[in-house]
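Numbering of the sequence shown is given in this note's numbering, commencing with residue 59 and proceeding in unit increments.
C-beta: ideal position from N, C-alpha, C; glycine also.
Note that the structure is predicted; figures quoted are calculated from it, not measured.
Notes for the one structure printed next.
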Amino acid sequence: MGNDYKFLKIGTTIFKVLAWVSVAVGVISALVIFMGGGTAEAPRATGFVGLLLGVVYFFIFTVASEVIALLLDLNSRIGKGPSA
59 MGNDYKFLKI GTTIFKVLAW VSVAVGVISA LVIFMGGGTA EAPRATGFVG
109 LLLGVVYFFI FTVASEVIAL LLDLNSRIGK GPSA
């Protein structure tokens with residue numbers, strides 16, 4: 059029974075990594091747009107959109123990771139049965 063839900067355990071780590079990658083990509087894209095000065099097609103305000111999306115994706119992936127971890131913890135506690 060030790061290998062139950064092994065993929066979900068790996069999935070929590072994958073979601074945490076994706077969360078940090080999304081923040082990094084958001085910050086890097088914002089910096090590139092800010093340093094580039096913006097053009098008529100991509101004004102500087104677009105940098106804030108990239109930054110905001112990075113933060114939103116960070117939140118979504120972190121919540122997904124925590125929900126999976128919570129469900130795995132709940133399953134392990136239920137699987138043990140009542141403790142006396």
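Nearest to residue i (by Cα), restricted to the options the options
| i | options | result |
| --- | --- | --- |
| residue 79 | 120, 135, 126, 132 | 120 |
| residue 70 | 127, 131, 98 | 127 |
| residue 77 | 113, 107, 136, 135 | 113 |
Beta-carbon gap between residue i and residue j smaller than 8 Å
| i | j | result |
| --- | --- | --- |
| residue 105 | residue 92 | yes |
| residue 74 | residue 123 | yes |
| residue 94 | residue 111 | no |
| residue 109 | residue 88 | yes |
| residue 132 | residue 63 | no |
Reduced DSSP secondary structure (H/G/I, E/B, other) of residue i
| i | result |
| --- | --- |
| residue 115 | helix |
| residue 131 | helix |
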